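Notes follow once the structure below has been shown.
Chains as they are written, first to last, in the numbering used here: chain A, 16 to 192; chain B, 999 to 1511.
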């Protein structure tokens, strides 16, 4: 049986999760409407729906990495969900291809209010190397309203977390180093 | 160069790479000869050569017993067409349809002439890769719906999935026809991430082109960047320093291991062995962090540049990388013993998502998935570019063609890549890591061919006389492997689809371009 091997490995590996980073409020693109009552709605957790709106899949690698044991996002109350209808926050990678424009708008409309959008990656923030063209709408905010932009090609898992936390943080001033 | 009985008058164009031109009518005979000797069609694309006074052109890359053969045929400027190759090599089907969508070059008598990359972003009578394309045209928002093939009968119903999927996956559409839980037919619809990559290359300088090539499919960054640079270096007739070539191979193997570790973890996750996911993603994260420390980027983005590489490795870095390689080797062996013994996992992996060797050969399954179905092709082994010609890579292959075989492939390749990395670290020559490229001043072409972690990646380029890119076609192996996912799921239950899909782990962005 594999069970004893699994248990052995788990004990040998130990606890490797790292402390959560601070929210980086400089990534915010607009003033948050973060009243006490909104925070009450979300309590201590945030449900995220990821939408790949046309990326090269580089940003997706880091979203996957975020789910690994080093980052312990479940412990922070951050959870990825299967439908925009279950989500508080859309995590969108770009550039937004014209072929994904309608799908992205529908995912946004399907997300219940109040909601946040975090655009990630250089392409999500500015269109990146792909820019705007016959096939690309460019940055995410060209298609749906965006609250926080996390640049990087791709942004590291820590940067992603800082951006997600910036969207949902009640702080008004930046404490991230 | 002879294929079959006939000499096709191809010239050696690079190591194991051949180049030739022929009448479009001859393509059929060549394709048959390649098929007969057990070769494959790897890529098919078009170009607008009217500014060179040549009308259009169709390009095909064949894998033959002598290496890769890149053949081109000139087509008339009015109503350009070439003979359908999909009835010989079915993998050409989507490539032919995409070539029509982008360039208006038609495969005559093709059975399937539905659109592929075009959804609604541009009208049917306009072709974005033509040089006279007017980019200011408004989007049409898909007025001509895509005709899926319907399965009808008692109790048959459809499940439509995507383009946005339930997990963190790239967008694409899957149309299942099922009875109960069993899949009768799966039809894929892709092109959702089509972002005009090939058009973007036009007029770009060579260095920026390398960055864009690396972003065709982010998980295969080093494979595409290397293939692009190899192509560029052919056009400029440059010889890159030995040390740079060895470092490129180091980057490519680091990329292979990172992807395989992630996939093995996810395969565990998909059969509810979360332990496997956590363990393999812990190792992967250690691997990525060391890459960031040594080379400045977790995924080695922009480390491979035209003329060489941008990052070197010092003695201390070598020691550190070797130590981590040793540790990962030992830990993966431990974890493999658990995967091997885990009855639940084995039960889900074995006999799930089978692509039999004869089907794989007929439809052109390539790369890692191909090798899991007895298609024993690996450019690093049969047609090694330097430094692989000095590394004696040993190829992993399996016959089962199921999820288990594709998982085993990854274990085998992780161990082999770790060995290659140790070998590279021990034998890497000293010297410069980059040279300045001297543009030729004339229109010239090149092709690069690299065995990426997913399979063969090729990049074909044409550089203008002004030293800027005229046409770049990056080809991801997912093009020819996606149709085999449709085959592999047949008769399986819908809940096994995510597992089967993950065992191929194909790129959407790569073929969507």
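Virtual Cβ for every residue (Gly too), placed ideally from N, Cα, C.
Source: prediction; values computed, not measured.
Pick from the options that is closest to residue i, judged by C-alpha positions
| i | options | result |
| --- | --- | --- |
| residue 1016 of chain B | B:1116, B:1445 and B:1054 | B:1445 |
| residue 28 of chain A | B:1271, B:1414, B:1157 and B:1278 | B:1278 |
| residue 1155 of chain B | B:1113, B:1208, B:1077 and B:1183 | B:1183 |
| residue 1021 of chain B | B:1389, B:1078 and B:1472 | B:1078 |
| residue 1367 of chain B | B:1087, B:1453 and B:1256 | B:1453 |
| residue 1165 of chain B | B:1426, B:1268, B:1377 and B:1282 | B:1268 |
| residue 114 of chain A | B:1104, B:1080, B:1099 and B:1117 | B:1117 |
| residue 1432 of chain B | B:1322, B:1238, B:1468 and B:1245 | B:1238 |
| residue 1469 of chain B | B:1399, B:1012, B:1229 and B:1045 | B:1045 |
| residue 159 of chain A | A:87, A:125 and A:33 | A:125 |
| residue 1318 of chain B | B:1328, B:1335 and B:1285 | B:1285 |
| residue 1200 of chain B | B:1338, B:1462, B:1449 and B:1027 | B:1462 |
| residue 1150 of chain B | B:1128, B:1175 and B:1162 | B:1175 |
| residue 1245 of chain B | B:1049, B:1354, B:1312 and B:1476 | B:1312 |
| residue 99 of chain A | A:61, A:38 and A:21 | A:61 |
| residue 21 of chain A | B:1266, B:1449 and B:1299 | B:1266 |
| residue 1401 of chain B | B:1124, B:1501 and B:1491 | B:1501 |
| residue 1127 of chain B | B:1106, B:1185, B:1048 and B:1064 | B:1048 |
| residue 1418 of chain B | B:1216, B:1195 and B:1251 | B:1251 |
| residue 169 of chain A | B:1097, B:1148 and B:1299 | B:1299 |
Rounded separation between residue i and residue j - CA only
| i | j | result |
| --- | --- | --- |
| residue 49 of chain A | residue 184 of chain A | Its pLDDT being 48, under 50, residue 49 of chain A is placed unreliably in this model, and the coordinates cannot settle the point. |
| residue 1396 of chain B | residue 1372 of chain B | 6 angstroms |
| residue 1346 of chain B | residue 1487 of chain B | 14 angstroms |
| residue 1019 of chain B | residue 1053 of chain B | 14 angstroms |
| residue 1001 of chain B | residue 1058 of chain B | 15 angstroms |
| residue 52 of chain A | residue 105 of chain A | At residue 52 of chain A the pLDDT is 47, less than 50, meaning the model places this residue with poor confidence; the figure from the coordinates comes in the next sentence. Using only the alpha carbons, I get a separation of about 20 angstroms. |
| residue 1291 of chain B | residue 1460 of chain B | 36 angstroms |
| residue 1093 of chain B | residue 1082 of chain B | 11 angstroms |
| residue 1055 of chain B | residue 151 of chain A | 26 angstroms |
| residue 1404 of chain B | residue 44 of chain A | 44 angstroms |
| residue 192 of chain A | residue 65 of chain A | Reliability of the predicted coordinates at residue 192 of chain A is poor, the pLDDT of 47 falling under 50, and the value obtained from them is presented with this limitation in mind. Whole-angstrom Cα-Cα distance: 26 angstroms. |
| residue 1472 of chain B | residue 1302 of chain B | 16 angstroms |
| residue 1423 of chain B | residue 92 of chain A | 42 angstroms |
| residue 1249 of chain B | residue 178 of chain A | 30 angstroms |
| residue 181 of chain A | residue 42 of chain A | 7 angstroms |
| residue 130 of chain A | residue 1066 of chain B | 52 angstroms |
| residue 119 of chain A | residue 139 of chain A | 13 angstroms |
| residue 31 of chain A | residue 25 of chain A | 11 angstroms |
| residue 1450 of chain B | residue 1041 of chain B | 15 angstroms |
Alpha helix (DSSP H) segment containing residue i, residue limits
| i | result |
| --- | --- |
| residue 123 of chain A | 116–125 |
| residue 1509 of chain B | 1507–1510 |
| residue 141 of chain A | 136–141 |
| residue 1291 of chain B | 1272–1293 |
| residue 1320 of chain B | 1313–1339 |
| residue 73 of chain A | 73–81 |
| residue 1057 of chain B | Looking at the DSSP string, residue 1057 of chain B is not in any alpha helix (DSSP H); the run it does join, the beta strand (DSSP E), is 1054–1062. |
| residue 1422 of chain B | 1401–1425 |
Beta-carbon proximity of residue i to residue j, cut-off 7 angstroms
| i | j | result |
| --- | --- | --- |
| residue 1478 of chain B | residue 1089 of chain B | yes |
| residue 1190 of chain B | residue 1169 of chain B | yes |
| residue 135 of chain A | residue 95 of chain A | no |
| residue 17 of chain A | residue 1340 of chain B | yes |
| residue 1162 of chain B | residue 97 of chain A | no |
| residue 1456 of chain B | residue 1247 of chain B | no |
Amino acids of chain A, ordered along the chain, whose beta-carbon sits closer than 9 angstroms to that of residue i
| i | result |
| --- | --- |
| residue 1214 of chain B | 71 |
| residue 1299 of chain B | 73, 168 and 169 |
| residue 1251 of chain B | Neighbours of residue 1251 of chain B on chain A: none; closest Cβ ~17 angstroms, over 9 angstroms. |
| residue 1169 of chain B | 66, 67, 68, 69, 112, 114, 115 and 118 |
Neighbouring residues, chain B, relative to residue i (Cβ below 9 angstroms)
| i | result |
| --- | --- |
| residue 78 of chain A | 1166 |
Endpoints, beta strand (DSSP E) assigned at residue i
| i | result |
| --- | --- |
| residue 1176 of chain B | 1171–1177 |
| residue 95 of chain A | 93–95 |
| residue 1219 of chain B | No beta strand (DSSP E) holds residue 1219 of chain B; the alpha helix (DSSP H) holding it covers 1219–1233. |
| residue 1011 of chain B | 1009–1012 |
| residue 1520 of chain B | Absent from the model: residue 1520 of chain B. The displayed extent of chain B is 999 to 1511, so no value can be given. |
| residue 1470 of chain B | 1467–1473 |
| residue 1443 of chain B | 1442–1449 |
Any non-hydrogen atom of the ligand PLP within 6 angstroms of residue i CB
| i | result |
| --- | --- |
| residue 1215 of chain B | With respect to the ligand PLP, the structure offers nothing, as it holds no ligand at all. |
Cross-chain neighbours of residue i in chain A, by beta carbon under 7 angstroms
| i | result |
| --- | --- |
| residue 1161 of chain B | 115 and 118 |
| residue 1283 of chain B | 80, 83 and 85 |
Contact set between residue i and chain B, taken where Cβ atoms lie within less than 7 angstroms
| i | result |
| --- | --- |
| residue 30 of chain A | Those within 7 angstroms of residue 30 of chain A in chain B number zero; the least Cβ separation is about 11 angstroms. |
| residue 154 of chain A | Ordered by position in chain B, no residue passes the 7 angstroms Cβ test against residue 154 of chain A, which lies about 12 angstroms from the chain. |
Contacts that residue i makes with chain A (C-beta to C-beta distance below 8 angstroms)
| i | result |
| --- | --- |
| residue 1197 of chain B | 148, 149 and 150 |
| residue 1273 of chain B | 21, 24 and 25 |
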